[in-house]
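What follows is a set of notes on a single structure, which appears directly below.
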Amino acid sequence: MSEETKALNFIEHIIEEDLQNGLSKDKLRFRFPPEPNGYLHIGHTKAIGISFGLGETYNAPVNLRFDDTNPAKEEQEYVDAIKRDIEWLGYEWANEVYSSDYFQTLYDWAVQLIKDGNAYVDSQSSEAMSAQKGTPTQPGVDGPYRNRSVEENLDLFQKMKAGEYDEGSHILRAKIDMQHVNMHMRDPLMYRVLKKHHHRTGNDWCIYPMYDWTHGESDYIEQISHSLCSLEFKPHRELYDWFKEHVYDYAADKLPMQPKQREFARLNLSYTIMSKRKLLKLVEQKLVSGWDDPRMPTISGLRRRGYTPNSIRTFIEKVGVAKRENVIDVSLLEFCIREDLNYSAPRIMAVLDPIKVVITNYPNDKVEWLEAENNQEDDSAGCRKVPFSKELYIEKADFKEEANSKFFRLKVGSEVRLKNAYIIKAESVVKDANGNITEIHCTYTTDTERKVKGTLHWVSIQHAIKAEVREYDRLFMDEAPDSHQDTDFMEFINPNSLKIIDAFVEPSVLEAQVGDRFQFQRLGYFNVDNDSKAEHLVFNKIVGLRDSWEKQKPNPQQQNNKPQQAQHKRPAIEAIKQLGKKYTNVPEEKQLISKAEIIKLSEEVTYEDLQPLFNTAAKKAGTRIATMIALRVLLKNGQERNSDIEEFITKAKDDKNELLVAEANAI
RNA sequence: UGGCCUAUGGUGUAACUGGAAACACAUUGGUUUUUGGUACCAAAGAGUCUAGGUUCGAUCCCUAGUGGGCCAACCA
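In the numbering used here, the protein residues as written are 4 to 670.
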């Protein structure tokens, strides 16, 4: 049996290499270091999955460390929420620790650094200091307090600690190099005076350490072997190492391991935002019901929505780990939850948009309790009874007076199977004064062996339970709502992200408990919301079932119009895509040639070919430019403008790629 | 007028020390089906940003471009 070697990500490669170079496996140790200033979101689960996942594969301890160095923003509420979320995801931390646990050690080391001439107290305004700091392209200059004597520095720092100075009057800085190319090395701040109550240390401290100083040394104190964080901390690494190497001189005998920081690209999900600050804004402005609103990308939101821990963990696994910017399609997340729930969720029947069916040849008062399988994917799930009677509800969308043969559902004159029950045939309809159908009259047969094409779900009207169903749509209408320079993310809010439906469900769900998940047959997966009461059931729609019928409906004319293109030749649209992909990278003369080619190819392209490209990822400017050029040709040849086209053009005009803006304006 | 990171199908991630570009999602067909679900089978889709170089051979190494990201909070 040849064991298939699983592909490793770049972090695992680094660890394997370290192990081969002599690092003992029992020295491996990781950490997850959230700041308790907000709720964890789906983006954090990537970091959680990486560090805790590594802990699981190498059987190494993982610390949960709260990076609590800013008492102004941090609260116990967030600590509790974070712990709850990580536990819910199913991870176990070795130690629950706090950066604030190390305040004294950090202080002692800072004093050492001062004594060694590696840190000093600066007493300027923040404006003066930032002016001296320079810019990424210009070196900084030394400030006037840079060469204070060790004694003076020690004295000032001690008095800062003792609370003798006001906030903003003095700070402690590392003494490194104001001309350094890396701005983080230009005498970074280590301590500021902050007379705030801390959620754990109370009023013990008047000075609080900054991130770079605290984070790296916390790793060192905990003897973390690999400190993994997101890409934006890459420039901090040089400082991380500087601090670490200087402190090592003070503690090498007790703390031999020097941690290694490595960075990976954070997770981005299409149509959602990940910034804690922005999520907080949604909560504060009451655009959502709270951090756990089922539309929120927070872990608590996903939990309330009905996502399982397992589905989120497999999602993170599938997403992978690398160093390039990425936008994950939400469809992957949806796939993961469907896959999980398909095996575990019991099926029931519910009608969300009812229309009445009367079985004319069924006795008036008769009720039958028919057997229904709970989950055909799981034999152990067993069966239940569902009541059948003369008057039923089915979905409005499942009936048409007339329809073509592609419509497998109920239409007058033809038969359909009722799930778990009989085969019925629609005979006639009853309409109100406005011509709306109010009843469908059917006949039934008990011969259920017959083969019929469609199967519908239904509920018996007299037995149905009324329930509230909350159906969600994406919170934002834009693929990357917070990446626009002159449009605020709030402008993309989807006003219809919540739809409340009065639904009818089969009586077996009366016993359902908060959190229970079901498949409403043929509709999707739903769970019982926290707001649910015995007398008023509330369900959240987690995700719909895949629906290959719904998908082809919106553009019925598409199928007819599509010319049966011969497939021997490489289609023009493919060639255009190719040219577009490289468009922004090639030299200008070549761009002109490409453009001419695209224009020529566009003559053979249909709108249906082009339309899918409107959804091209925002970052792929080249493809969007090529699409724009082709679109211009189509419009010239008589293609009518529609909302998709308008949206594509408007979005392009707002882009930061000048070539794209120019092409958009040319239309 | 800087530095660092990065570039592989529509999306994401692989390709062990250079050796016929793989997997998953999405898409499109088909089979099965008392869910237009699931499962299964199949197809299409990239020749690895560009230009050079090293090499018998480059997604992988080197150089230079180009595109994208990050870097100037007493935030983390």
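A virtual CB, placed ideally from N, CA and C, is assigned to each residue, including glycine.
Residue state for residue 213 is assigned as coil, using DSSP reduced to three classes.
Contact annotation, residue 390 with residue 463: C-beta distance approximately 5 Å; criterion of less than 8 Å satisfied. Counting every other CB atom within 10 Å of its CB across the protein chains shown gives residue 9 a total below 16, marking it as exposed.
Residues 425, 426 of the same chain have their beta carbon placed closer than 7 Å to that of residue 451, with the five preceding and five following residues left out of the count. DSSP places residue 125 in the strand class (E or B) of the three-state scheme. Between residue 423 and residue 480, the gap from beta carbon to beta carbon reaches 9 Å or more. For residue 328, the secondary structure class from DSSP, reduced to helix, strand or coil, is coil. If you look at residue 527, you'll find it in the beta strand (DSSP E) that goes 527-531. One Cα belongs to residue 334, the other to residue 283, and the distance between them is close to 25 Å. For residue 207, there is no enclosing alpha helix (DSSP H), since its DSSP letter is neither H nor E.
By the beta-carbon neighbour count (other beta carbons within 10 angstroms, threshold 16), residue 302 is buried.
Residue nearest to residue 201 within the set 82, 458, 133 is 82 (criterion: CA-CA distance). As the crow flies, the alpha-carbon of residue 392 is around 13 Å from that of residue 509. Where residue 431 is concerned, the enclosing beta strand (DSSP E) starts and stops at 426-434. With contacts defined by Cβ atoms closer than 9 Å, residue 163 and residue 192 do not form a contacting pair. DSSP places residue 661 within a helical segment (H, G or I) once states are collapsed to three.
Residue 228 counts as buried, since at least 16 other C-beta atoms from the protein chains shown sit within 10 angstroms of its C-beta.
Under the three-state reduction of DSSP, residue 510 is assigned to helix. CA-CA distance, residue 515 to residue 526, rounds to 18 Å. For residue 339, no pairing in a beta bridge is given by DSSP.
For residue 363, DSSP records no beta bridge to any residue. About 6 Å separates the Cβ atoms of residue 487 and residue 657, confirming a contact at the 8 Å cut-off. The segment 106-170 contains, as complete alpha helix (DSSP H) runs of 4+ residues, the segments 106-118, 129-135, 153-164 (chain order). Under DSSP, residue 543 forms a beta bridge with 473, 530. When the five nearest sequence neighbours on each side are left out, no beta carbon in the same chain lies closer than 7 Å to the beta carbon of residue 409.
Residue 112 counts as buried, since at least 16 other C-beta atoms from the protein chains shown sit within 10 angstroms of its C-beta. In its chain, beyond the 5 residues on either side, 335, 339 have a beta carbon closer than 8 Å to the beta carbon of residue 321. Under DSSP, residue 231 shares a beta bridge with 265.
In the displayed model, residue 490 falls within coil according to three-state DSSP, outside both helix and strand.
Closest in C-alpha terms to residue 195, from the list 177, 652, 120, 285, comes 177. The beta-carbon distance between residue 401 and residue 459, rounded to whole angstroms, is 5 Å. This is short enough to meet the 8 Å contact definition. In terms of Cα proximity to residue 140, the closest of 182, 235, 42, 29 is 182.
Between the alpha carbons of residue 199 and residue 36 lies a distance of about 22 Å. Within the same chain, and ignoring the five residues on either side of residue 532 in sequence, the residues whose Cβ sits closer than 6 Å to its Cβ are 541, 543. Residue 13 counts as exposed, since fewer than 16 other C-beta atoms from the protein chains shown sit within 10 angstroms of its C-beta. Classified as exposed, residue 138 has fewer than 16 neighbouring CB atoms from the shown chains inside 10 Å of its CB.
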